[in-house]
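Residues 1 to 442 in UniProt numbering are what the sequence shown spells out, letter by letter.
Glycine included, each C-beta is placed from N, C-alpha and C at the ideal position.
Let me begin by presenting the structure, written as structure tokens, before commenting on it.
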Amino acid sequence: MASGYSTTTVMPVSTGTPKFPVLRIMSGDSSILCPYVSPRSETVSKLADLIDEQKVVHVRGTPASGKTTLAQLLQQYYEVKERNSIYIDTWRELEEYLSVEDNRRLGAWGILERMLRTRFGSNMDYLAPGTILIVDEAQGSYSDTLFWNSIIKPRLSHEGLDINFCLFCCYGSPLSGVDMELDSDIRAFTPAHFKLAQRVTLTPQSRPSSPPISLFFTRSEFTDAAQRLIANSRFQEKFTLRPDAEDYLFSLTNGHPGGLSSVLKYIHDFYRHAIKSRDLSVMTKEHVVDSLKRDQHVWDILTQEPISRSLPQGRWLTTEVANLLAKVLEEGNVIYQGKTLSSGAQPKPIEAQYQVEFYRCFNKIAGRGVPVSTEWSSTTDGRVDFWIPGQKWALEIVREEDRINEHIMRFHENGQYYPWRVDDMIQDWIIINCTTSPPTRG
């Protein structure tokens with residue numbers, strides 16, 4: 001959520017103790033982050049511990065996923081702790097600061113120090129042991145062979161000077177950062193690999209050695225961020241989110257920082273007149289659901305909000321790419337392990353392949369022009385496997401050890417899906433039995 005900041009400059013200051021000069025983020029006339037930005041204290045603290053332990057941490061996520069905000073929160077954390085830290089908003093290649101006679105005399109670390117002194121002044125020891133370099137938009141460094149081969153590569157193995165790095169990138173290989181296949185300029189060296197423990201991404205990964213933190217908000221951070229955003233002057237009319245509305249929004253956005261701010265802005269604008277006239281002050285889950293029913297209208301508005309930067313843009317989403325993705329979905333022409341099908345890095349059981357096969361067959365028979373939603377829900381009280389909006393059909397696929405009667409009762413009165421029938425969002429429903437053993441009684 002970098003959009004939450006005013007024009008940001010970076011300037012050197014002293015904490016009053018010469019041993020610990022830092023670079024402080026200045027935003028307008030204030031040296032602290034905006035009050036409506038969630039401090040994410042637990043995530044920031046764990047990230048700092050991870051950097052101390054791993055020496056280099058690669059934080060990778062799409063635009064608007066909270067990278068810049070987290071980077072600045074991390075720098076503020078080090079300032080409070082009086083740790084020698086440097087926040088770099090954009091990278092400049094080390095070779096820009098290199099002359100022919102310097103190469104052997106200075107070495108990569110000496111050139112790095114020259115770059116920092118040139119950019120930020122000479123009143124601090126940039127290579128003091130324990131210094132942390134926080135590099136935002138670090139994907140701009142991928143083509144810097146000197147930096148990656150002579151500095152990052154040794155530090156990944158805990159070698160070289162005692163300088164730690166946190167690299168915030170919007171793209172790149174999770175294994176090596178730099179992508180040898182896509183960038184011919186960096187094929188002159190073999191990059192080192194990030195261990196699982198050195199990678200932070202959108203959501204916490206499920207593998208044992210992966211860090212327990214991510215760019216997306218935790219549930220408690222989500223509540224704090226939502227409350228702070230609503231208190232922000234951007235929302236002229238104030239309202240309160242009830243816990244059930246927060247739960248629904250968290251389920252909808254999965255804790256995406258840009259998603260939260262964008263959807264909150266949409267809901268505020270949708271109910272602005274009612275809030276302004278004081279007819280509505282407390283937002284419930286029903287209010288949120290009602291505001292989001294017009295799917296196309298919602299997406300048209302969200303394309304103007306920060307969340308749109310996380311979505312594929314027109315020049316990337318070409319006809320060829322769309323056809324390729326459709327082919328993968330229809331024919332399954334992708335290398336994968338059947339027992340690790342996942343969404344958001346959360347493993348799914350092997351039975352999920354039934355849904356994949358149904359989706360492939362549906363598109364082959366009905367054509368791509370017939371919309372179908374997978375794992376659809378209009379609330380947080382359950383999800384049907386498939387929903388065909390044109391016909392208002394819901395489909396459930398019964399797998400091993402599922403109870404058929406229980407699935408049937410979900411569509412009847414007092415069942416999870418019955419309110420959707422009352423709202424005329426489901427007119428008919430089908431249950432497909434994919435079990436290989438006789439079903440048990442409900």
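Cα-Cα separation, residue i to residue j
i      : j      : result
Val384 : Gly255 : 22 Å
Asp279 : Thr240 : 13 Å
Cys434 : Gln353 : 11 Å
Leu156 : Tyr77  : 23 Å
Tyr171 : Asn405 : 47 Å
Leu252 : Gln227 : 17 Å
Pro257 : Thr319 : 30 Å
Leu264 : Thr62  : 20 Å
Ser209 : Leu196 : 6 Å
Ala128 : Ile163 : 8 Å
Thr118 : Tyr97  : 9 Å
Arg207 : Gly177 : 19 Å
Glu305 : Asp295 : 16 Å
Asp290 : Ala245 : 11 Å
Leu70  : Asp136 : 10 Å
Ile151 : Glu53  : 17 Å
His158 : Lys46  : 19 Å
Lys285 : His407 : 25 Å
Ser30  : Val37  : The predicted model places Ser30 with a pLDDT of 29, which falls under 50 and marks its position as unreliable; any figure quoted below should be read in that light. One C-alpha to the other measures close to 14 Å.
Val59  : Phe165 : 11 Å
Asp424 : Gln198 : 49 Å
Val422 : Ala138 : 51 Å
Ile230 : Ala274 : 16 Å
Leu215 : Asn323 : 31 Å
Pro211 : His297 : 38 Å
Asn123 : Pro35  : 30 Å
Arg24  : Lys81  : Only weak support exists for where Arg24 lies, its pLDDT of 42 falling under 50; the coordinates are left without a value.
Phe194 : Tyr142 : 14 Å
Leu317 : Asn414 : 43 Å
Ser281 : Thr203 : 32 Å
Val398 : Asp224 : 39 Å
Pro371 : Ser99  : 60 Å
Val22  : Tyr126 : For Val22, the pLDDT reaches just 43, beneath the cut-off of 50, and the residue's location in the model is therefore unreliable, leaving the point undetermined.
Arg410 : Arg403 : 11 Å
Selected residue, minimal CA-CA separation from residue i, among the options
i           : options                        : result
residue 458 : Glu237, Ser281, Arg207, Asp247 : Nothing can be reported for residue 458: it is not among the residues displayed for the chain, which extend from 1 to 442.
Ile213      : Arg40, Phe235, Pro63, Leu156   : Arg40
Ile86       : Leu112, Leu215, Phe216         : Leu112
Gln72       : Ile134, Glu159, Met425, Leu229 : Ile134
Phe386      : Ser65, Lys55, Phe362, Gly66    : Phe362
Leu167      : Ile230, Glu413, Ala48          : Ala48
Ile426      : Ser277, Phe235, Ile388, Lys238 : Ile388
Glu93       : Trp148, Gly130, Ser308         : Trp148
Leu249      : His273, Ser220, Asp125, Asn232 : Ser220
Ser65       : Gly140, Leu74, Gly259          : Gly259
Ile88       : Asn323, Val288, Cys169         : Cys169
Trp91       : Glu413, Ser99, Phe120          : Phe120
Glu79       : Thr131, Met115, His58, Ser99   : Thr131
Ile432      : Arg410, Glu396, Val422         : Glu396
Lys238      : Phe270, Asp224, Lys276         : Lys276
residue 443 : Ser261, His287, Ser262         : This structure gives no information on residue 443, because the portion of the chain shown stretches from 1 to 442.
Arg234      : Arg410, Asp269, Val57, Phe216  : Asp269
Ser262      : Leu215, Ser281, Ser310, Met283 : Ser310
Thr43       : Met115, Arg83, Thr190, Phe217  : Phe217
8 Å Cβ cutoff met for residue i and residue j
i      : j      : result
Leu146 : Glu95  : yes
Trp420 : Trp393 : no
Pro174 : Thr201 : yes
Lys153 : Ala108 : no
Tyr359 : Leu302 : no
Leu50  : Val57  : yes
Pro355 : Thr374 : Note that residue 355 is Gln in the sequence shown here, rather than Pro. Yes, the pair counts as a contact, with Cβ atoms nearer than the cut-off.
Span of the alpha helix (DSSP H) around residue i
i      : result
His297 : 295-302
Trp420 : 418-422
Tyr78  : 67-80
Thr43  : 41-54
Asn405 : 404-409
Leu167 : Here Leu167 belongs to no alpha helix (DSSP H); instead the beta strand (DSSP E) covers 163-169.
Pro208 : No alpha helix (DSSP H) contains Pro208, which DSSP labels as neither H nor E.
Leu280 : Looking at the DSSP string, Leu280 is not in any alpha helix (DSSP H), and its letter there is neither H nor E.
Beta strand (DSSP E) segment containing residue i, residue limits
i      : result
Ser85  : 85-88
Asp290 : First-last for Asp290: 285-291, but that is the alpha helix (DSSP H), not the beta strand (DSSP E).
Leu133 : 131-135
Leu196 : Taken as a continuous stretch (DSSP letters only), Leu196 belongs to no beta strand (DSSP E), as it is neither H nor E.
Leu395 : 393-398
Trp387 : 384-388
Asn433 : 428-433
Legend entry - Complete runs of the alpha helix (DSSP H) confined to the segment 216-278 [at least 4 residues]: Counting only runs of 4 or more, we get 219-231, 243-253, 257-270, 272-276.
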